[in-house]
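Enquirer: What follows is a structure written as structure tokens; I'll ask about it next.
2 protein chains.
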Amino acid sequence: MADAREKQRFLQFLRDRGQRVTSERLTLFDEIFSLHGHIDAEQLLASMTNRGLKISRATVYRNLELLVECGLARKQRLGQSRFLYEHVHSGQQHDHLVCTGCGRVVEFVSPGIAALQSEICRAHGFMPKYHSLQISGVCNQCAGQAGG
Amino acid sequence: MADAREKQRFLQFLRDRGQRVTSERLTLFDEIFSLHGHIDAEQLLASMTNRGLKISRATVYRNLELLVECGLARKQRLGQSRFLYEHVHSGQQHDHLVCTGCGRVVEFVSPGIAALQSEICRAHGFMPKYHSLQISGVCNQCAGQAGG
DNA sequence: TGTGGATTGAGATGAATTCTCAATATGTAA
DNA sequence: TTACATATTGAGAATTCATCTCAATCCACA
Chain A
1 MADAREKQRF LQFLRDRGQR VTSERLTLFD EIFSLHGHID AEQLLASMTN
51 RGLKISRATV YRNLELLVEC GLARKQRLGQ SRFLYEHVHS GQQHDHLVCT
101 GCGRVVEFVS PGIAALQSEI CRAHGFMPKY HSLQISGVCN QCAGQAGG
Chain B
149 MADAREKQRF LQFLRDRGQR VTSERLTLFD EIFSLHGHID AEQLLASMTN
199 RGLKISRATV YRNLELLVEC GLARKQRLGQ SRFLYEHVHS GQQHDHLVCT
249 GCGRVVEFVS PGIAALQSEI CRAHGFMPKY HSLQISGVCN QCAGQAGG
């Protein structure tokens, strides 16, 4: 199991806060760690329901929040509408390029930007917790179609 | 009038798209350019209503969208709930530091980050249109209260 | 295995935004 | 100026996404 370390972290997190390990929480964990890329709560619910798993909308929302607090999921608005979630491995944070034409999302990592962010926080007396950098633009495929 | 250039741009934008110059559009333009910082649609509506100006909620929402398309306003979620708007002068873009404690928003400009963003776009074949960088953290005032 | 209390599920509720469509105002051409 | 075609507006309904309520259920621990 590739996500054993993360699952341990989740279980420990629950124990530390005196919260229970329910089948719904485990189901949601498995689901979000089995999927790649960004997904919203509604899709996650549908995906589990389709696979015959029983979980309610309210529980999906509640426990996504829990995964975010635990640091195992990231919650962001990449478009303009729903929140999107993605699982997080204890590794490097990434940011997003979003194509306004086709909606394609490209992830990138920039240590340089990260360093500048730390510097800015220091300068303003902020202790950074998390950040969200999103660049919207047109990918060259879409630019090609528009041009020709 | 300090915003003459921007108003001209707005009028030209409307003409170019064959859209009409209505008193409501001008009212909204004046309102958002007279205010500084970030404001949501509801506050904007209340502010105009209080000053005895007549405009409806639907029209505020519709025409804020128009200003965004024109590039004269920026629309962002800085907290988790409403969209916030701010007027844009044809100048330097800025980004935001948001305190998760008190909600305070600090604007900053980082040419270094801007340069790295351009580079990243080039590397991925993207033509950047706009971006949104938001760093959430705790300001030193809030950190002090929490600590002491 | 029993028990207290955390968690769940179904649907009500809430908040923000968008939609509908009749009434009105704008731009254009005579 | 006037008339006209149609873009825009306003009031409130509708929609969307998310959260809340509370009785039923399940988990953790003795």
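Going down the list, the protein sequences come from chains A and B. This note's numbering puts the first residue of the first sequence at 1, with every later residue one more than the last. This note's numbering puts the first residue of the second sequence at 149, with every later residue one more than the last. All C-beta atoms in this analysis are idealised placements derived from N, C-alpha and C, irrespective of residue type, glycine included.
Relative to the C-alpha of residue 107 (chain A), which candidate in A:118, A:92, A:120, A:119 has its C-alpha closest?
Expert: Within the first sequence, residue 107 (chain A) is the residue found at index 107, counting from 1. Cα-wise, what sits closest to residue 107 (chain A) is A:92.
Enquirer: Quick one: which unbroken beta strand (DSSP E) runs of 3-plus residues sit fully inside the stretch 6 to 76 of chain A? Chain order, please.
Expert: List check, beta strand (DSSP E) in window: 73 to 76.
Enquirer: Report the rounded CA-to-CA distance for residue 273 (chain B) versus residue 69 (chain A), giving the unit in angstroms.
Expert: Counted from its first residue, the second sequence places residue 273 (chain B) at position 125. Counted from its first residue, the first sequence places residue 69 (chain A) at position 69. Rounded to the nearest angstrom, the two C-alpha atoms are 35 Å apart.
Enquirer: Anyone know if the C-beta pair for residue 129 (chain A) and residue 284 (chain B) falls short of 7 Å?
Expert: The count along the first sequence starts at 1 and reaches residue 129 (chain A) at position 129. The count along the second sequence starts at 1 and reaches residue 284 (chain B) at position 136. The answer is yes: Cβ separation under 7 Å.
Enquirer: Can you find a C-beta in chain B that's less than 7 Å from the C-beta of residue 41 (chain A)?
Expert: In the first sequence, counting from the first residue as 1, residue 41 (chain A) sits at position 41. By this cut-off, residue 41 (chain A) is not an interface position.
Enquirer: To the nearest angstrom, report how far apart residue 269 (chain B) and residue 145 (chain A) are at their CA atoms.
Expert: Here residue 269 (chain B) corresponds to residue number 121 of the second sequence, with the count starting at 1. Here residue 145 (chain A) corresponds to residue number 145 of the first sequence, with the count starting at 1. Answer to the nearest angstrom: the Cα atoms are 18 Å apart.
Enquirer: From what residue to what residue does the beta strand (DSSP E) around residue 134 (chain A) run?
Expert: On the first sequence, residue 134 (chain A) is found 134 positions in, with the first residue counted as 1. Residues 126 to 139.
Enquirer: If you draw a straight line from the alpha carbon of residue 102 (chain A) to that of residue 51 (chain A), how long is it in whole angstroms?
Expert: For the purposes of this step, residue 102 (chain A) is taken as residue 102 along the first sequence, with counting starting at 1. For the purposes of this step, residue 51 (chain A) is taken as residue 51 along the first sequence, with counting starting at 1. Whole-angstrom Cα-Cα distance: 29 Å.
Enquirer: Mind checking which residues open and close the alpha helix (DSSP H) that includes residue 247 (chain B)?
Expert: Here residue 247 (chain B) refers to the residue found at position 99 when the second sequence is read from its first residue. Segment 243 to 247 is the beta strand (DSSP E) holding residue 247 (chain B); no alpha helix (DSSP H) there.
Enquirer: Which residues mark the beginning and the end of the alpha helix (DSSP H) in which residue 78 (chain A) is found?
Expert: Against the first sequence, residue 78 (chain A) aligns to sequence position 78. Looking at the DSSP string, residue 78 (chain A) is not in any alpha helix (DSSP H), and its letter there is neither H nor E.
Enquirer: Pull up the distance between the alpha-carbon of residue 183 (chain B) and that of residue 49 (chain A), whole angstroms please.
Expert: Taking the second sequence and counting its residues from 1, the one referred to as residue 183 (chain B) is at position 35. Taking the first sequence and counting its residues from 1, the one referred to as residue 49 (chain A) is at position 49. Approximately 48 Å, taken between the alpha carbons.
Enquirer: Examine chain B for any beta-carbon lying closer than 7 Å to the beta-carbon of residue 77 (chain A), and answer yes or no.
Expert: Position 77 of the first sequence, counted from the start, is the residue given in the question as residue 77 (chain A). For residue 77 (chain A), the answer is yes, since a Cβ of chain B falls inside 7 Å of its Cβ.
Enquirer: Does residue 237 (chain B) pass the burial test, meaning 16 or more other C-beta atoms within 10 Å, or should it be called exposed?
Expert: Here residue 237 (chain B) refers to the residue found at position 89 when the second sequence is read from its first residue. Exposed, by the Cβ-count rule.
Enquirer: Under 7 Å between C-beta atoms, does residue 259 (chain B) make it to chain A?
Expert: Taking the second sequence and counting its residues from 1, the one referred to as residue 259 (chain B) is at position 111. So no, residue 259 (chain B) is outside the interface.
Enquirer: Might you give, ordered along the chain, the residues of its own chain that have their beta carbon closer than 7 Å to the beta carbon of residue 155 (chain B), omitting 5 neighbours on each side?
Expert: On the second sequence, residue 155 (chain B) is found 7 positions in, with the first residue counted as 1. Within the same chain, residue 155 (chain B) has close Cβ partners 177.
Enquirer: Under 7 Å Cβ-Cβ, which residues of chain A neighbour residue 211 (chain B)?
Expert: By one-based count along the second sequence, residue 211 (chain B) stands at place 63. The contacting residues do not exist; residue 211 (chain B) stays about 17 Å from chain A at best.
Enquirer: May I ask you to list, following chain order, the residues of the stretch 243 to 257 of chain B that have a beta carbon less than 8 Å from some beta carbon of chain A?
Expert: From the stretch 243 to 257 of chain B, only 245, 247, 248, 254, 256 have a Cβ closer than 8 Å to chain A.
Enquirer: Give me the DSSP bridge partner(s) of residue 232 (chain B).
Expert: For this step, residue 232 (chain B) is matched to residue 84 along the second sequence. In DSSP, residue 232 (chain B) forms a bridge with B:224.
Enquirer: Contact criterion: CB-CB distance below 7 Å. Does residue 93 (chain A) meet it with respect to chain B?
Expert: On the first sequence, residue 93 (chain A) is found 93 positions in, with the first residue counted as 1. No, because no Cβ of chain B sits closer than 7 Å to the Cβ of residue 93 (chain A).
Enquirer: Let's test the definition: count the other Cβ atoms within 10 Å of the Cβ of residue 16 (chain A) and tell me whether it reaches 16, buried, or not, exposed.
Expert: As a working note, residue 16 (chain A) is residue 16 in the first sequence. Classification for residue 16 (chain A): exposed.
Enquirer: Please confirm whether residue 261 (chain B) and residue 66 (chain A) have their CB atoms less than 7 Å apart.
Expert: For the purposes of this step, residue 261 (chain B) is taken as residue 113 along the second sequence, with counting starting at 1. For the purposes of this step, residue 66 (chain A) is taken as residue 66 along the first sequence, with counting starting at 1. Not closer than 7 Å, so no.
Enquirer: In angstroms, rounded to a whole number, what distance separates the CA positions of residue 42 (chain A) and residue 57 (chain A)?
Expert: The residue given as residue 42 (chain A) occupies position 42 in the first sequence. The residue given as residue 57 (chain A) occupies position 57 in the first sequence. Their Cα atoms are separated by approximately 8 Å.
Enquirer: Can you give the Cα-Cα distance for residue 25 (chain A) and residue 63 (chain A), rounded to whole angstroms?
Expert: Numbered from 1 along the first sequence, position 25 holds the residue referred to as residue 25 (chain A). Numbered from 1 along the first sequence, position 63 holds the residue referred to as residue 63 (chain A). Whole-angstrom Cα-Cα distance: 7 Å.
Enquirer: Of the choices B:267, B:166, B:234, B:208, whose alpha-carbon is the least far from that of residue 219 (chain B)?
Expert: If you number the second sequence from 1, residue 219 (chain B) lands on position 71. Ranking the options by Cα distance to residue 219 (chain B), first place goes to B:234.
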